[in-house]
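> Below you will find the structure I want to go over with you.
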Amino acid sequence: KNTANAHDEL
Amino acid sequence: MNIFRILGDLSHLTSIIILLHTINTNKSTTGISLKTQILYVIVFITRYLDLFTKFISVYNTLMKIFFIISSVYIVYLIQYKYSQKHMVKQDLDNFKVEYLLAGSLLASLIFNYKFTPLEILWSFSLWLESVAILPQLMMLTRTGEADMLTTNYIFCLGLYRAFYIPNWFYRYFAEGHFDKLAVFTGLIQTLLYSDFFYIYYKNVIQARSSKLP
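Chains L and E are the protein sequences, given in the same order. Read in my numbering, the first sequence has 523 at position 4, and its numbers run on one by one without any break. Read in my numbering, the second sequence has 161 at position 89, and its numbers run on one by one without any break.
Structure representation (structure tokens):
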């Protein structure tokens with residue numbers, strides 16, 4: 520799955 | 073969230089708390105690069121614009137708000153409360169940040185996941201963060217000495233970046249998550265910190281121990 524655009528890191 | 077990510081975030085938090093605590097205890101901002109701190113304000117504001125568009129978690133939101141507010145507060149302390157204007161040392165903070173800003177902007181226009189304002193600004197913040205410490209490092213190199221504050225502060229920041237690397241490995245294998253922009257810019261940043269610690273070790277620690285009888 521592609522979660523690269525999630526930007527869920529700080 | 074894995075342990076590396078949590079340790080990384082905690083190190084980041086610790087670095088800011090060390091900085092704030094020391095400024096307020098010593099009532100002085102000597103040795104801290106105003107330029108680096110202003111760059112961090114720009115980094116956090118441009119990266120966390122998604123506070124308005126997307127909710128990830130309470131943790132995520134609180135951390136973002138803390139990073140924005142604390143960075144603005146630190147700039148306020150340097151600029152107004154414990155102003156360095158009358159001090160000679162501020163002249164040492166003469167790194168040309170225009171190049172960092174222009175370079176980051178250019179890189180974000182070329183490398184982004186989508187050509188939209190939010191995505192470009194997000195990418196811009198990553199590139200800028202990767203080099204934002206440079207004025208601070210240059211300042212240290214010029215003075216030739218680092219006091220405990222700046223050393224501890226930069227050490228915690230370096231630790232934060234170092235923990236993010238195993239975090240990415242973990243996420244790649246456990247979640248199939250791989251953010252190539254965050255990883256690439258993060259590695260640049262970690263290299264800058266490791267270079268600093270190498271030089272610091274060579275110049276300060278080794279020199280100090282060789283002076284001992």
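By construction, the Cβ of each residue, glycine as well, lies at the ideal position given by its N, Cα and C atoms.
1) Give the straight-line distance between the Cα atoms of I75/E and N239/E, rounded to the nearest whole angstrom.
2) Based on Cα-Cα distance, which residue from E191/E, V276/E, L82/E and G175/E lies nearest to F139/E?
3) Smallest Cα separation from T257/E: which of T213/E, S281/E, L91/E and S195/E?
4) Can you tell which of S197/E, Q278/E, I226/E and T215/E has its C-alpha closest to the C-alpha of L253/E?
5) Quick check on the burial criterion: 16 or more other C-beta atoms within 10 angstroms. Buried or exposed for S281/E?
6) Would you kindly work out how many angstroms separate the C-alpha atoms of E528/L and N132/E, rounded to a whole number?
7) Using a 10 Å radius around the Cβ and a threshold of 16 neighbouring Cβ atoms, would you call G230/E buried or exposed?
8) With a cut-off of 8 angstroms, do at least 3 Cβ pairs link the segment 200–217 of chain E to the segment 107–119 of chain E?
9) By Cβ distance below 7 angstroms, which residues in the same chain neighbour F269/E in space, the five residues on each side in sequence not counted?
10) Enumerate in chain order the residues of its own chain whose CB-to-CB distance from A234/E is below 7 angstroms, with the five nearest sequence positions on each side excluded.
11) Does any CB atom of chain L fall closer than 8 angstroms to the CB of N132/E?
12) Taking the straight line between their C-alpha atoms, what separation do you get for L181/E and Y120/E?
13) Where F250/E and I141/E are concerned, what is the direct C-alpha to C-alpha distance, given to the nearest angstrom?
14) Relative to the C-alpha of T222/E, which residue among I89/E, S129/E, Y244/E and L79/E is closest?
15) Do we get a CB-CB distance below 8 angstroms when we pair W194/E with the residues of chain L?
16) L178/E: buried (16+ other C-beta within 10 angstroms of its C-beta) or exposed?
17) Under a three-way DSSP split, which group does F76/E fall into?
18) For L149/E, I'd like the list of residues in its chain whose CB is within less than 7 angstroms of its CB, leaving aside the five on either flank, ordered along the chain.
If we stick to the structure as given:
1) 8 angstroms
2) L82/E
3) S195/E
4) S197/E
5) exposed
6) 8 angstroms
7) buried
8) yes
9) G230
10) T262
11) yes
12) 18 angstroms
13) 29 angstroms
14) I89/E
15) yes
16) exposed
17) helix
18) I95 and T101
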